[in-house]
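Add 59 to a position in the sequence shown, counting from 1, and you land on the number used in the numbering used here. Quick reminder that beta carbons are idealized off the backbone N, C-alpha and C, glycines included. Heads up, the thing below is written out as structure tokens.
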Amino acid sequence: MAQMIKGLLSLSTQFKLKVNSTIDHHTLCVACLAPGATSGLCPQCLAQLPRNRWACRRCALPLPGTAQPEALCGQCQTQPPPFWLTEAPWLYHFPVDQLIGRYKYQRQLSLGHPLIHAFVDHMAQVLETHPERRPELMVPSPMHPKRQRQRGFNQAEDIAEQLGCRLNIPWSITLIERSRSARRQSGLNRQQRQDNLRGIFQARGRAPRRVAIIDDVMTTGATARALAQALASAGAQEIQVWALARTP
């Protein structure tokens with residue numbers, strides 16, 4: 060872990076130094092800079108990513124280690140969300156938060172794509188074990204056009220594209236549209252997030268029965284709830300959420 064921290068903190072400088080070395084810099088681990096990373100993360104760093112091992116089945120909220128595999132958190136028991144399952148294999152802790160943050164806000168694709176590649180591998184294993192979970196369509200979380208122009212890309216669309224290409228699942232960026240801009244979700248509590256997103260997503264067509272919502276991080280689940288409600292109104296009946304990471 061110490062070497063992983065060292066690698067991330069000095070990443071840009073180290074890459075400049077390594078580019079002209081005898082080692083092909085494309086094989087360097089993005090976390091610790093060790094050679095031999097076939098997909099961006101070496102096996103050791105991949106194994107050290109903070110796993111979301113014990114989580115609520117519906118919203119992936121981390122639960123105590125004694126929780127049963129099908130356990131539900133208190134929120135999902137009292138106020139069930141309009142989606143029935145969430146896959147979020149990692150916790151939004153170091154180094155996952157650093158990799159996603161630089162990928163998402165600084166457009167450093169070389170840091171985000173190794174994590175996405177590992178996520179695709181994870182979902183491939185899930186679908187092999189549970190083929191009944193394969194969605195008919197993936198819908199990346201829409202971003203307001205103005206914010207997308209400012210950021211330069213929508214990370215959820217990027218994730219959906221890579222999932223779709225590898226897993227042979229279609230995705231749509233037009234089925235659900237964001238009808239208006241909203242306050243940034245960061246810094247808002249659960250109720251404020253839900254109020255902020257109420258009525259913000261609109262369906263532009265008919266949704267298939269099984270749909271997976273794609274996003275990078277799941278925090279309170281407010282965005283997923285709002286999206287799932289829009290998809291349900293368009294005909295979706297079995298709605299999942301697939302995200303890279305879950306906040307505690």
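To the nearest angstrom, how far is it from the Cα of residue i to the Cα of residue j?
i	j	result
residue 187	residue 207	34 Å
residue 84	residue 232	Any answer about residue 84 is weak, because its pLDDT of 43 lies below 50 and its placement is not dependable; what the coordinates show is given next. Cα to Cα, the separation comes out at about 34 Å.
residue 72	residue 92	Its pLDDT being 39, under 50, residue 72 is placed unreliably in this model, and the coordinates cannot settle the point.
residue 160	residue 88	17 Å
residue 145	residue 202	20 Å
residue 76	residue 297	Caution applies to residue 76, whose pLDDT of 34 falls short of 50 and renders its modelled position unreliable; the value that the coordinates give is listed next. Cα to Cα, the separation comes out at about 49 Å.
residue 279	residue 306	8 Å
residue 148	residue 196	20 Å
residue 172	residue 128	29 Å
residue 200	residue 153	24 Å
residue 259	residue 284	11 Å
residue 204	residue 214	13 Å
Under three-state DSSP, which class holds residue i?
i	result
residue 194	coil
residue 225	helix
residue 305	strand
residue 313	Residue numbering for the chain in the displayed model covers 60 to 307; residue 313 lies beyond these limits and cannot be assessed.
residue 114	strand
residue 159	helix
residue 153	coil
residue 293	coil
residue 83	With a pLDDT of 44 at residue 83, under the threshold of 50, the predicted position of this residue should be treated as unreliable, and no value is reported.
residue 121	strand
For residue i, write down the residues that DSSP places opposite it in a beta bridge.
i	result
residue 220	In DSSP, residue 220 forms no bridge with anything.
residue 274	302
residue 147	Partner(s): none; residue 147 has no beta bridge.
residue 199	273
residue 262	235
Which residue's Cα is closest to the Cα of residue i: the options?
i	options	result
residue 302	96, 225 and 119	119
residue 108	90, 125 and 94	90
residue 112	151, 140, 138 and 86	151
residue 282	293, 220, 142 and 179	142
residue 235	167, 103, 192 and 273	273
residue 177	130, 117 and 221	221
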